[in-house]
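Asks: Numbered according to the working numbering, the sequence shown spans residues 1 to 131.
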Amino acid sequence: MFLSPNYFYQRDMVTRRIVCLDTASGKKVWQTDVFTTPPEANSASNSHATPTPSIAGNSIVAAFGSGLAVVNLSGQLRWSKLFPHWIENTVYGAGSSPVTDGAAVFLANDREKEAQSHSRLTAYSLNDGKE
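#1: Assuming contact is defined by CB atoms lying nearer than 8 Å, are Val14 and Pro39 in contact in what I supplied?
#2: Nearest by alpha-carbon distance to Gly57: which of Phe64, Ala103 and Val34 is it?
#3: Taking the beta strand (DSSP E) that Phe106 falls in, what are its first and last residues?
#4: With burial defined as no fewer than 16 other Cβ atoms inside 10 Å of the residue's Cβ, what is the status of Val70: buried or exposed?
#5: Please report the residue range of the beta strand (DSSP E) in which Leu68 lies.
#6: Got a sec? Which residues, its chain only, sit under 8 Å from Val99 by beta carbon, not counting five neighbours each side?
#7: Got a sec? Which residues, its chain only, sit under 6 Å from Tyr7 by beta carbon, not counting five neighbours each side?
#8: Which of the three DSSP states is assigned to Phe64 in this structure?
#9: Quick check on this structure: which residue in Asp12, Asp33 and Leu73 has the alpha carbon closest to the alpha carbon of Gly67?
#10: Taking the alpha carbon of Arg16 as the point to measure from, which residue in Ser119, Lys81, Asn109 and Lys130 has its own alpha carbon closest?
#11: May I ask you to list the residues that DSSP assigns as paired with Thr122?
#12: For Asp12, list the residues DSSP reports as bridge partners.
#13: Hey, would you say Leu77 sits closer than 8 Å to Ile60, going by beta carbons?
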C-alpha cells in the first residue's frame with residue numbers, strides 16, 4: 001500500500017473571495033470572503049477562479065468550483081451556496097460562468113457521460129439563491 005506524503009496531513013482551508021479593484025489606480029476597494037472550504041481538486045484545464053463574474057443591476061454574481069455567491073456593489077454578501085463535489089467527473093472543471101437574466105442566475109454543470117449524476121443547468125433566484 002502506498003500513501004502520499006500528504007495523506008495524514010490536514011490541509012489548510014481555502015477561502016474563496018470576491019475582490020473589487022479601482023480601474024484607474026488598481027488599488028483594492030473592497031474584498032469579501034465568501035466561504036472557506038477544504039482544498040478541492042482542480043481540472044488541468046481550469047482553476048476555481050476561471051468563471052467570469054456577472055453583474056446584474058446592483059448585484060455581482062461569482063461562481064467557484066465549490067459554490068456560487070452574490071454580493072452587492074459594496075461587497076456585502078447577499079447569499080452563497082456551497083456545491084460539494086460540483087466539479088467531480090467534469091471534463092473542464094469549474095469552467096462555467098454564471099449568466100443572469102432579470103431576477104435569475106443560471107449556472108451550468110457539464111458532467112462526463114459516465115458520471116453518477118447528470119449534466120444540468122440550474123436557475124437560482126438572484127434575490128435569495130432559491131432554485
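No residue lacks a Cβ here, since even glycine has one placed at the ideal position from N, Cα and C.
Replies: Considering the structure as presented:
#1: yes
#2: Ala103
#3: Ala104 to Asn109
#4: buried
#5: Gly67 to Asn72
#6: Ser54, Val105, Phe106 and Leu107
#7: Per-residue confidence for Tyr7 stands at a pLDDT of 46, beneath the threshold of 50, marking its modelled position as unreliable; no derived number is given.
#8: strand
#9: Asp33
#10: Lys81
#11: Leu107
#12: None; Asp12 has no bridge partner.
#13: no
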